[in-house]
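So the sequence shown is residues 509 to 653, counted in the numbering used here. Backbone N, C-alpha and C fix where the C-beta goes; we use that ideal spot for every residue, glycine too. This report refers to the structure that appears directly beneath it.
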Amino acid sequence: MTLLALLLAACDGEPPAQLRVAGGDPERGRAVAASHGCGACHVIPGVRGANSWAGPPLMEWARRGYLAGHLPNSPENLVAWLRDPQAIAPGSAMPNLGLTEKEARDAAAYLFTLGADQLPPVPAGLPLGPKEAGPREEPRIRPRA
Ligand code: HEC
């Protein structure tokens with residue numbers, strides 16, 4: 509029974525703490541994405557009709573390192589992007605869709621569930637911990653001479 513509960517928990521795409529959006533509700537966010545036409549430009553798994561490649565596909569969003577090509581992909585940066593893309597990337601083809609703060613938080617929370625079950629144990633860009641590199645001495649891969 510406990511094992512079943514663990515397996516189910518592992519499948520629901522709950523993001524790790526650093527990718528959780530304060531005040532965001534993923535299920536509402538899925539509805540926000542559907543009702544605000546995000547699918548007219550993006551592929552978004554789980555959102556009906558969101559299958560356009562006009563903009564970048566948003567599948568496995570939790571695994572992305574950068575947002576709009578230069579901002580670290582953090583919850584707060586994503587919320588800011590969704591509220592006003594033009595403020596971050598003037599001239600971007602992504603329009604300001606007039607999301608409220610709450611709608612942006614919900615949508616961001618939904619996006620961070622995508623691919624959350626496939627995250628490596630250490631966030632991208634951070635060095636491995638002392639016990640995480642396996643049994644061999646580091647560096648494990650030396651550059652060729
Ligand atoms: C008219 C087309 C259009 C619509 C509608 C649209 N987007 Fe975008 N979106 C884009 C484009 C184009 C980009 C790439 C912009 C850039 O990097 O400057 C983008 C970028 C993004 C990014 C960052 C992607 C990346 O790889 O950095 C996210 C996240 C995003 N959009 C989410 C949404 C959400 C959520 C909605 C609905 C609320 C939405 N978009 C609606 C066109 C659109």
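Cβ-based burial, residue i [other Cβ within 10 Å; buried from 16]
i    : result
G599 : exposed
Y618 : buried
P524 : exposed
R556 : exposed
A601 : exposed
CB contact check: residue i to chain B, cutoff 9 Å
i    : result
Y618 : No chain B is present in this structure, which holds just one protein chain.
Sequence-distant residues of its chain with Cβ nearer than 7 Å to residue i (five each side left out)
i    : result
A615 : G537, V540, A541, L590 and L607
A588 : I596
H578 : none
L575 : N581, N585, L586 and W589
N604 : D592, P593 and Q594
In DSSP terms, what residue i is bridged to
i    : result
N559 : V551
L579 : L575
Integer Cβ distance of residue i from residue j, believed to fall under 8 Å
i    : j    : result
N585 : G573 : With a Cβ gap of about 12 Å, N585 and G573 do not count as contacting.
E620 : P583 : For the sequence presented, residue 620 should be read as Phe rather than Glu. That belief holds up - the Cβ atoms of F620 and P583 are roughly 7 Å apart, short of 8 Å.
L627 : A558 : The Cβ separation is near 22 Å, so there is no contact.
Residues of its chain near residue i, where Cβ-Cβ distance is below 8 Å and the 5 sequence neighbours each way are ignored
i    : result
S560 : G547, A548, C549, H550 and V551
R528 : P583, A617 and F620
K610 : G531
M567 : V551, I552, P553, L622 and G623
Cβ shell of residue i (< 6 Å), same chain only, five flanking positions each side left out
i    : result
P534 : A617, Y618 and T621
Report task. With a floor of 4 residues, list each alpha helix (DSSP H) that falls wholly inside the region 604-631, ordered by position along the chain. Result -> 609-619
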